[in-house]
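One structure is given here, and the rest of the page talks about it.
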Amino acid sequence: MSQFPSSKMAEGEEKEDQSEDKSSPTVPPSPFPAPSKPSATSATQELDRLMASLSDFRVQNHLPASGPPQPPASSPTREGCPSPPGQTSKGSLDTMLGLLQSDLSRRGVPTQAKGLCGSCNKPIAGQVVTALGRAWHPEHFLCSGCSTTLGGSSFFEKDGAPFCPECYFERFSPRCGFCNQPIRHKMVTALGTHWHPEHFCCVSCGEPFGEEGFHEREGRPYCQRDFLQLFAPRCQGCQGPILDNYISALSALWHPDCFVCRECLAPFSGGSFFEHEGRPLCENHFHAQRGSLCATCGLPVTGRCVSALGRRFHPDHFTCTFCLRPLTKGSFQERASKPYCQPCFLKLFG
Numbered sequence: 001m002s003q004f005p006s007s008k009m010a011e012g013e014e015k016e017d018q019s020e021d022k023s024s025p026t027v028p029p030s031p032f033p034a035p036s037k038p039s040a041t042s043a044t045q046e047l048d049r050l051m052a053s054l055s056d057f058r059v060q061n062h063l064p065a066s067g068p069p070q071p072p073a074s075s076p077t078r079e080g081c082p083s084p085p086g087q088t089s090k091g092s093l094d095t096m097l098g099l100l101q102s103d104l105s106r107r108g109v110p111t112q113a114k115g116l117c118g119s120c121n122k123p124i125a126g127q128v129v130t131a132l133g134r135a136w137h138p139e140h141f142l143c144s145g146c147s148t149t150l151g152g153s154s155f156f157e158k159d160g161a162p163f164c165p166e167c168y169f170e171r172f173s174p175r176c177g178f179c180n181q182p183i184r185h186k187m188v189t190a191l192g193t194h195w196h197p198e199h200f201c202c203v204s205c206g207e208p209f210g211e212e213g214f215h216e217r218e219g220r221p222y223c224q225r226d227f228l229q230l231f232a233p234r235c236q237g238c239q240g241p242i243l244d245n246y247i248s249a250l251s252a253l254w255h256p257d258c259f260v261c262r263e264c265l266a267p268f269s270g271g272s273f274f275e276h277e278g279r280p281l282c283e284n285h286f287h288a289q290r291g292s293l294c295a296t297c298g299l300p301v302t303g304r305c306v307s308a309l310g311r312r313f314h315p316d317h318f319t320c321t322f323c324l325r326p327l328t329k330g331s332f333q334e335r336a337s338k339p340y341c342q343p344c345f346l347k348l349f350g
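Encoded structure:
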């Protein structure tokens, strides 16, 4: 049995720093109601957007001019308040950023950047997700397959990219050889493919395999009972499957107990048998089938014989029905299919 590794959790599931200024003096309570404190979540999201905009603005201010220098546009200035060239925009930006950070710090919102987002590559000042060795905005830590947010969910990693469980199994899990669905947990590997444990069963009866294992036929698994019933050689006598010892005779296979005379069912003595029309027979029934038994004694006629009255006789057994003398001369009389010598026939029948 094989089993997939358990899914990962984001190491820093939407962490948020909560810092308090313990050195600030105690302010007496005001008789007037204090304004409602804004939500930390909305504030951090606003801060993220603002810092991203400021970052873009700084980059644009440091880009070299692409065209010929243009003379600065004239603007009215107040007397007594000269502004050094090139310092106004930078000073204003730093002042705005400083005021914003001070205001957010007084409100209990952390303003120090926690790194660059692994998706948008912009600073992270609020909630952060730490996973795959990088930091992410919670809304940017997404499944690489379906773009579902993975901030507080389990996920799988493939080639450095995060995937939700559904996309991971659908894309990368082996498929069951029976139902062709992805295998999410335990699996059986057999016949060159993978299977759900409950789907690796006999294709004939649908039962799971026991301790005897399985047999394979044309890439399909069978239990021992059905395999032998369907594909084992058949006994020519009983038509049952041959599982152990067998006898090969008359271009067929036989159970040892089934290879007997097909007329009297007696086993063959000495291992010898006679064949008639594809059937094994003992000597007596073989001659009976061929009409070569002595009509007098009922034993097989194997040497010289006398053929008379449509039957065969041992020479010594072809005798007069009345006096029992051998009819060796070859002349006899017949009455009711019985042989008589000439004297007895005349005496009995005139």
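Residue numbers (UniProt numbering): 1 to 350.
C-beta: ideal position from N, C-alpha, C; glycine also.
Note that the structure is predicted; figures quoted are calculated from it, not measured.
Residue interval of the beta strand (DSSP E) (run including residue i)
i      : result
Phe156 : 154-158
Ala288 : Element bounds for Ala288: not the beta strand (DSSP E) but the alpha helix (DSSP H), 283-290.
Glu170 : Looking at the DSSP string, Glu170 is not in any beta strand (DSSP E); the run it does join, the alpha helix (DSSP H), is 165-172.
His215 : 215-217
Arg134 : 134-136
Beta-carbon proximity of residue i to residue j, cut-off 7 Å
i      : j      : result
Asn321 : Lys347 : Here residue 321 is Thr; the residue named in the question, Asn, does not match the sequence. No, the Cβ-Cβ distance between Thr321 and Lys347 is not below 7 Å.
Val188 : Phe200 : yes
Pro174 : Lys186 : no
Cys294 : His317 : yes
Phe163 : Ser147 : no
Ala232 : Pro221 : no
Gly133 : Ile124 : no
Gly160 : Val129 : no
Ala252 : Gln236 : yes
Glu263 : His285 : yes
Cys258 : Asp226 : no
Arg312 : Cys305 : yes
Pro267 : Phe273 : no
Cys176 : Trp195 : yes
Ser292 : Val301 : yes
Three-state class that DSSP yields for residue i in the structure shown
i           : result
Lys338      : strand
residue 351 : Given a span of 1 to 350 for the chain in the structure shown, any question on residue 351 remains unanswerable.
Thr77       : Annotation note: pLDDT 41 at Thr77 (below 50); position unreliable, no value reported.
Gln127      : coil
Cys344      : helix
Thr296      : coil
Gln229      : helix
Leu142      : strand
Thr148      : coil
Phe32       : For Phe32, the predicted structure reports a pLDDT of 41, less than 50, and the residue's modelled location is therefore unreliable. A value from the coordinates is still provided. Note: Phe32 maps to coil in three-state DSSP.
Pro64       : Low confidence applies to Pro64: its pLDDT is 48, below 50, so where it sits in the model is not reliable enough to give any reading.
Paired residues, beta bridge with residue i - DSSP
i      : result
Thr193 : Ala190
Cys176 : His194
Ser307 : Arg312
Thr319 : Pro326
Cys202 : In the DSSP output, where bridge partners are listed per residue, Cys202 has none listed.
Gln181 : BP columns for Gln181 are empty, so no partner.
Limits of the unbroken alpha helix (DSSP H) element including residue i
i      : result
Arg220 : Careful: Arg220 lies outside any alpha helix (DSSP H), inside the beta strand (DSSP E) at 220-222.
Enumerate, from N- to C-terminal direction, the unbroken beta strand (DSSP E) stretches of 3 or more residues contained entirely within the UniProt domain "LIM zinc-binding" (233-292).
Unbroken beta strand (DSSP E) stretches of 3 residues or longer found wholly inside the UniProt domain "LIM zinc-binding" (233-292): 247-249, 252-254, 274-276, 279-281, given in chain order.
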